[in-house]
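In the numbering used here, the protein residues as written are 490 to 667. Every residue gets a Cβ at the ideal spot worked out from N, C-alpha and C, and that includes glycine. These numbers were taken from a predicted model, which means no experiment stands behind them. To keep things clear, I will list the structure first and then write my remarks on it.
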Amino acid sequence: ALMEALGLERPIIVGCSMGGNQVLELGSRRPGFYAGIVSCEGADYTPTVSPFFLEMLLLNAAQILECWSQSLTGVRTPPDRAREVVWQITRVAPEYARGDLVGYAGFDKRDVVGQITSPVLLLRGDSDWLVPQSMVEETSSRIPGSRIAVLSGTGHYPMIENPVEFNQAIRDFAESLS
């Protein structure tokens, strides 16, 4: 209803991380509605956050989130961009961060992503350990016609870490749809 209220016809939707998962869910709920779907660092099944980690967040969130967010950046990420990633993640209240990650860890749409009929780009950084290449390939195998693009030396937040190549990958995908 929001897309219609905004007067958007066949938009391209983009999401990263949990948002990358959600755009796949949206595409499965409305096959063919979107002109394109870009899932960045997303997958149809993301059980990569351990229950132990989720519990530790409530004990010492600031320290844990700082180290964790640093580990999510890629080898080519400039220091100022890595600090931006850390700042974005650590400013979230521990209870909210934990809640988000519980949802992320429980995300499983393997049974419905095959219903997506819109073109799909699965975009990931090759330094992202949270959503490894194998997970993206498995997701792609369940979405007919989907494509994978990989950004070298980039981690889990490509739009912050590597905005030029990130934007170019999305631009190339969008132009391929016309």
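For SER635, the three-state secondary structure derived from DSSP is coil.
When DSSP states are grouped into helix, strand and coil, LEU548 belongs to the helix group.
Counting C-beta atoms within 10 angstroms of its own C-beta, ARG660 has fewer than 16 neighbours from the protein chains shown and is therefore classed as exposed.
Between the alpha carbons of SER629 and LEU611 lies a gap of roughly 7 angstroms.
Comparing alpha-carbon positions, the option among MET492, PRO500, MET624 lying closest to ALA663 turns out to be PRO500. Shown here, LEU543 sits in a helix according to DSSP, grouped into three states.
Looking from the CA of ILE649, the closest CA among LEU543, GLN559, PHE541, MET545 belongs to GLN559. The C-beta of ARG518 has fewer than 16 other C-beta atoms within 10 Å across all chains shown, which makes the residue exposed.
For CYS505, DSSP records a beta bridge to CYS529.
If you draw a straight line from the Cα of TYR523 to the Cα of SER607, it comes to about 6 angstroms. Under the 10 Å beta carbon count, VAL538 is surrounded by 16 or more other beta carbons and is classified as buried.
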